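Student: Counting from -4, one number per residue, gives the positions in the sequence shown under the working numbering.
The C-beta atom is built at its ideal place from N, Cα and C for all residues, glycine as well.
The structure displayed is predicted, hence computed values, not measured ones.
I am attaching a structure below and will ask some questions about it afterwards.
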Amino acid sequence: MNIEVDVRELVLTGVEVPDPAALATAVTAALTRLLTDRGLPRSGPAPGPLRARPDADLPAALAEAIWAGLGRPGHPEPGR
């Protein structure tokens, strides 16, 4: 399976990002890995605000939140 993710704009509120382009690249890579490894998530409740710890891996946390949001109601499951 070939998956291509393109993050064109990433808007963060309340977070200082010294290099937004590098963050977008890292989130793209992490989200691509999640989709490749796990596929699309099953439907579930919409994720709430992301509350990452200061020592958290921000790109990985953002990718997890985006991935979880792909399975929210209104987005059909694969094959349906």
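Could you compute how far the alpha carbon of Leu7 sits from the alpha carbon of Ile(-2)?
Tutor: To locate residue 7, count along the sequence shown from 1; it is residue 12. To locate residue -2, count along the sequence shown from 1; it is residue 3. Leu7 and Ile(-2): Cα-Cα distance of roughly 25 Å.
Student: With distance defined between alpha-carbon atoms, name the residue in Ala55, Pro13, Trp62 and Glu11 nearest to Arg33.
Tutor: In the sequence shown, counting from the first residue as 1, residue 33 sits at position 38. When only C-alpha atoms are compared, the closest one is Trp62.
Student: Which residue comes first and which comes last in the alpha helix (DSSP H) that contains Ala16?
Tutor: As a first step, residue 16 must be located in the sequence shown, where it is residue number 21. Counting along the chain, the alpha helix (DSSP H) containing Ala16 begins and ends at Pro15 to Arg33.
Student: If the criterion is Cβ atoms closer than 8 Å, does the pair Gly23 and Asp1 meet it?
Tutor: By 1-based counting over the sequence shown, the position of residue 23 is 28. By 1-based counting over the sequence shown, the position of residue 1 is 6. The amino acid at residue 23 is misidentified as Gly; the sequence shows Thr. Yes, they are a contact pair.
Student: Looking at Leu26 and Ala58, is the spacing between their C-beta atoms short of 8 Å?
Tutor: Along the sequence shown, read from residue 1 onward, the residue named residue 58 stands at position 63. Along the sequence shown, read from residue 1 onward, the residue named residue 26 stands at position 31. The answer is yes: Cβ separation under 8 Å.
Student: I need the straight-line Cα distance from Pro49 to Glu11, nearest angstrom please.
Tutor: Translated into positions along the sequence shown, residue 49 becomes position 54. Translated into positions along the sequence shown, residue 11 becomes position 16. When rounded, the distance between both Cα atoms is 12 Å.
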